[in-house]
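For reference, the structure discussed in these notes is given below.
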Amino acid sequence: MGRVILNRVLGSIPVILIVTLITFGLMRAIPGDVSAALGGVSSTLAERELIRKNLGLDQPWYVQLTKWYAGLARGDLGRSIFLGKDVTQATFERLPVTVSLSIYALVLTLIFGMVSGVLAALRQNSWVDQAAMMFAMIGVSMPNFWLGLMMIVLFSVQLGWLPTGGYIPFTQDPIGWLRSATMPAISLALLQIGLLARITRSTMLEVLRQDYIRTARAKGLPNYLVVGKHALANTMIPVVTVIGIIVSLLISGAVVTESVFSIPGVGQLLTSAILNRDYPMIQGGLLFVTMLLVGINILVDVAYAWLDPRVRYEGG
Amino acid sequence: MSLLSVRNLQVLFAGEHGEFAAVDDVSFDLAPGEVLGIVGESGSGKSVTALSIMGLLPRPPARVARGSIVFEGEDLLRYGERDLRRIRGPGIGMIFQEPMTSLNPVFTIGDQLMETVRVHERAGQKRQRDRAVEMLDKVGIAGAERRLDDYPHQLSGGMRQRVMIAMALICNPRLLIADEPTTALDVTIQQQILELLLDLREEFRMAIMIITHNMGVVAETADRVIVMYAGRLVEQAPVDGLFARPAHPYTRGLLDSIPKLSDERERLKTIPGTLPNPASVPPGCRFEPRCAWRVGACAAAVPPLAAIAAGHDSACIRHRELPVQ
Amino acid sequence: MAEAVATLDPQASVAAAAPRRSPRWATLRRLLRHRSFQTGLVLFAIILVAALFAPMITPSDPTKLAMRARFKPPSWDFLFGTDNLGRSQLSRVVYGAQLSLMIGTAVVVINAVFGTLIGSLSGYFRRLDNMLMRINDAIMAFPAILLAIGVAAVLGRSMPNMILALSIVYIPRTARIVRSSVIVIRQMEYVQAAVAAGAGHWRILRRHILPNSMAPLLVQLSFLFAYAVLTEATLSFLGLGAEPPTPTWGNIMAEGRQYMREAPWIIAIPGAALAITVMALNLLGDGLRDILDPRLRIQQ
């Protein structure tokens, strides 16, 4: 088990190195004169020179690269031009909002995705199965920002049940949080619910065909144990591996959803950085989120190793 | 009185071109403590028969269309799922061909043994554990106490089959169905498992139904044998009678295909042809297309099972004409 | 979703599918009988025909303003209504379809070429594998939409840049799928036999390996088309796509947001068109996977 974790962490080092290199390269890929783009058409040469100097773009690339890694080692992802703050600081300020929204969406995903997938598999080819799979197909096909907008039109504008946007922290007002976060979480979760339902269903069908399920029935176990214990435990293993993917999709989706619902999270930080051409913010934010995901994926792999005794007991 | 009595069993499977009979008009009895061998090629309907007894047929595509399966005076085919569950385990235990995949990989063998006791008996944690250890001990697993916490992947194939046997017997069933219990194992291990089964039969005083395609296994273990071909019972006899005077060309074919140590130079005989397509079986004797003794009458009507000696039945209309071997 | 496809394990399926090459017509017939495939084909055909014959079916130029006909709800005169500038929504949505499908096609073609190239090099020449796959892993570590946002933001708004950004994001995922099938096929006996017979690397790749790794690739490409269309619309909605007045589904919705109260059809219709297109492609992908690659069902 310890070796699994160690291998996984060591194995991610080259990936992290290349990820940081790609993000570094991103800034240098900006076509034309960055300072002109940032300073605007009317900026003077002196102003542009200053911008270049502030971004360190006046130095040779190897100096820039050394500084980039030196900064990363200190946890310095650069400085936002528009906000005038460190990227790390700005991101950490917004992080709780995105995390709470993502967790809400993840909980919805796990509950609805797994339950509908399991039910569909248990009633294969019945109307339950067909309805669940049609719903899942709609889920994986519907653009989440559009779903968000349509929900706003219906529930906020027409019916007036929920606020059109904004965010209330959970710690401040749990009910308000629920009112402000429910529509975003649903629109964020729908894709993942569809995805998880489809994966759970096919995994479950595969597991139900296995010999050990027949053994469990031959022992006279009641159905709830055969399905709820023997089948479910084996279904969970592959399903856990997709949680990393689901979290990645949630974070991608949060960028758009936060913009739709005017939620001040990391996603909105990045979208406004795009509009303001705040390149260091885009670069740093992208790296921050990706590193977060790399970490989450390591955790998922460890969970997977722990769940599957064949891996857990490998080499003690 | 027989322990198990199967009468006119017919099991239909839904296929692409309508239903076909995987088991057709099969009847046989099994006495308490008896070892019955069921032989036939894969696809002959022997496993389907076993799964029908357990009520474990995959439904759909399978369904029992006709017949009765009376176990200790009760027709299992009339039982609902709840009653069947009471039979599986304490009444009839079953082990399968693939010990590698028949145990759940994510639970310890102790857990899988103990849960069987738990669902059938009121027994505390301690007693469940003791029973599990006792059973592992009986099937010849050394250090049973420590083995409880092992996962299936930590055991060899032979060990896993032992665990399967322990699990099938932990509630003292009167009948054990062993579906190709040694096919997937190494030759040396096969022998050990068969001996173990026979020892346990003595100890538990249970009947065993051993399903195999291997005549050698039958010769070693069975008291009585049923030969199945393409879903039908073609011959049944006490094991000595069957080997001494096989009364069906198919049985002869099976016996001829056993390698003999005595005459090494003789080529191994095989039965020409293959099992008929289940969707379009021959109207008469199902073995007729492959049979060296066939005559016109064979294809005309299904030959009935007729007694040729005490306890010896054959479904061949020319059984009297078969040369004595 | 894109990430899900990247984790596919086509090994088993390739192993199962490679030796038997069913006649093409039989496969096509089975595809045409597959219910999801049928539905997807019909939906996709409708969108495709609309996009191809855009000038013929649209009532007016999508950029033509008509200030007297602003905010007209859908009616017989304006089938999909008009927007804040009185432009025909029908025209805008149909031309948006054209753009979406063009971008999707371009990304699929680029992926087919480069994904196959990188994937087969990596799977066949094991010395290249380590390096190529580390880079692949690194690109795949980024959340797809975020990386596309980063690249598109840096490159600037234009259609070629959008295609480039989407290709950078998705090529590693395609390459990975091709690579896994190449690795499996490489080990198979008939390939080993060809190697033993002294066939050259290129000949083996071209004659034996690539033709047999097409099934998982084809399945991947149809899902990829769906993600490309969806991601393009998303980026365009965030203001990273083609500049207005060029209509894209994403920017129509972005513009329509502020009139959500009085004219919800401005966002409802292009979004529905987008959802239908993505669903059509997903259904086609499901059908292809079921028929060409039955063992892949485990994954989305």
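Residue numbers (the numbering used here), protein chains in the order written: chain P, 1 to 316; chain D, 317 to 641; chain G, 642 to 941.
Every residue gets a Cβ at the ideal spot worked out from N, C-alpha and C, and that includes glycine.
Predicted model, so just to flag it, every value in this text is computed and none were measured.
If you draw a straight line from the alpha carbon of residue i to that of residue j, how long is it in whole angstroms?
{"i": "PRO222/P", "j": "ASP211/P", "result": "17 Å"}
{"i": "SER763/G", "j": "ILE16/P", "result": "21 Å"}
{"i": "ALA553/D", "j": "ALA616/D", "result": "26 Å"}
{"i": "TRP609/D", "j": "ARG634/D", "result": "8 Å"}
{"i": "THR44/P", "j": "GLY891/G", "result": "36 Å"}
{"i": "ARG462/D", "j": "ALA484/D", "result": "20 Å"}
{"i": "ARG817/G", "j": "VAL754/G", "result": "13 Å"}
{"i": "VAL749/G", "j": "LEU865/G", "result": "7 Å"}
{"i": "ILE298/P", "j": "GLY389/D", "result": "59 Å"}
{"i": "PHE145/P", "j": "PHE112/P", "result": "20 Å"}
{"i": "ASP308/P", "j": "LEU471/D", "result": "16 Å"}
{"i": "ILE910/G", "j": "LYS85/P", "result": "41 Å"}
{"i": "ALA779/G", "j": "THR290/P", "result": "10 Å"}
Please indicate yes or no: does the CB of residue i lie closer than 7 Å to some heavy atom of the ligand ZN?
{"i": "GLY409/D", "result": "This structure does not include the ligand ZN; it has no bound ligands of any sort."}
Run through chain G and tell me which residues come within less than 9 Å of residue i, C-beta to C-beta.
{"i": "LEU293/P", "result": "ALA782, PHE783, PRO784"}
{"i": "TYR319/P", "result": "Lying outside 1 to 316, the shown extent of chain P, residue 319/P is not represented and no answer is given."}
State the beta-bridge partners of residue i as determined by DSSP.
{"i": "MET544/D", "result": "LEU549/D"}
{"i": "GLY334/D", "result": "GLY331/D"}
{"i": "PRO801/G", "result": "The partner list for PRO801/G (beta bridge, DSSP) is empty, contrary to what the question assumes."}
{"i": "SER321/D", "result": "ASP345/D, VAL386/D"}
{"i": "MET430/D", "result": "MET430/D pairs with nothing; no bridge assigned."}
{"i": "THR528/D", "result": "VAL355/D"}
{"i": "GLN326/D", "result": "ARG382/D"}
{"i": "MET339/D", "result": "A small correction: the amino acid at residue 339/D is Val; Met does not occupy that position in the sequence shown. DSSP lists VAL327/D as partners of VAL339/D."}
{"i": "PRO554/D", "result": "ARG540/D"}
{"i": "ALA523/D", "result": "LEU491/D"}
{"i": "ARG79/P", "result": "ASP86/P"}
{"i": "ASP391/D", "result": "VAL386/D"}
Where do the ends of the alpha helix (DSSP H) carrying residue i lie?
{"i": "VAL386/D", "result": "Run containing VAL386/D: none in the alpha helix (DSSP H); it sits in the beta strand (DSSP E), 378-387."}
{"i": "GLN441/D", "result": "441-454"}
{"i": "GLY228/P", "result": "Note, GLY228/P: premise wrong, no alpha helix (DSSP H); not H, not E."}
{"i": "PRO565/D", "result": "565-572"}
{"i": "CYS614/D", "result": "612-616"}
Quick one: give me the first and last residue of the beta strand (DSSP E) that residue i is part of.
{"i": "GLN158/P", "result": "That residue, GLN158/P, is in no beta strand (DSSP E); it is neither H nor E in DSSP."}
{"i": "SER630/D", "result": "628-630"}
{"i": "ALA622/D", "result": "622-625"}
{"i": "ILE411/D", "result": "408-411"}
{"i": "ILE493/D", "result": "491-495"}
Would you check if the distance between the CB atom of residue i and the CB atom of residue j is smaller than 8 Å?
{"i": "ILE932/G", "j": "LEU672/G", "result": "yes"}
{"i": "LYS219/P", "j": "GLY405/D", "result": "yes"}
{"i": "VAL640/D", "j": "THR528/D", "result": "no"}
{"i": "ALA216/P", "j": "VAL226/P", "result": "yes"}
{"i": "ALA120/P", "j": "MET134/P", "result": "no"}
{"i": "ASN420/D", "j": "GLN428/D", "result": "yes"}
{"i": "ASP76/P", "j": "THR66/P", "result": "no"}
{"i": "ALA869/G", "j": "LEU807/G", "result": "yes"}
{"i": "LEU250/P", "j": "ALA105/P", "result": "yes"}
{"i": "ALA535/D", "j": "PHE559/D", "result": "yes"}
{"i": "VAL449/D", "j": "ALA460/D", "result": "yes"}
{"i": "VAL555/D", "j": "ASP572/D", "result": "no"}
{"i": "GLY267/P", "j": "SER259/P", "result": "yes"}
Under 7 Å Cβ-Cβ, which residues of chain P neighbour residue i?
{"i": "PRO905/G", "result": "VAL153"}
{"i": "ASP778/G", "result": "VAL15"}
{"i": "THR875/G", "result": "PRO143, PHE145, VAL256"}
{"i": "ALA794/G", "result": "ILE274, ILE282"}
Quick one: list the residues of chain P neighbouring residue i, beta-carbon separation under 8 Å, in chain order.
{"i": "PRO421/D", "result": "TYR212, ASN234, ASP308, PRO309, ARG310"}
{"i": "MET522/D", "result": "Neighbours of MET522/D on chain P: none; closest Cβ ~15 Å, over 8 Å."}
{"i": "SER418/D", "result": "ASP211, TYR212, ARG214, THR215"}
{"i": "MET451/D", "result": "Going along chain P, no residue has its Cβ under 8 Å from MET451/D, so there is no contact; the nearest lies around 13 Å."}
{"i": "MET483/D", "result": "THR215, LYS219"}
Closer than 7 Å by beta-carbon distance: list the chain G residues that pair up with residue i, in chain order.
{"i": "LEU299/P", "result": "The contacting residues do not exist; LEU299/P stays about 14 Å from chain G at best."}
Just the chain P side, please: which residues come within less than 9 Å of residue i by C-beta, in chain order?
{"i": "GLY405/D", "result": "ALA218, LYS219, GLY220, LEU221"}
{"i": "PHE412/D", "result": "ASP211, ARG214, THR215, ALA218"}
Report the neighbours of residue i on chain C: residues whose CB is nearer than 8 Å to its CB, in chain order.
{"i": "VAL339/D", "result": "Going by chain labels, chain C is absent from the structure shown, which instead holds the protein chains P, D and G."}
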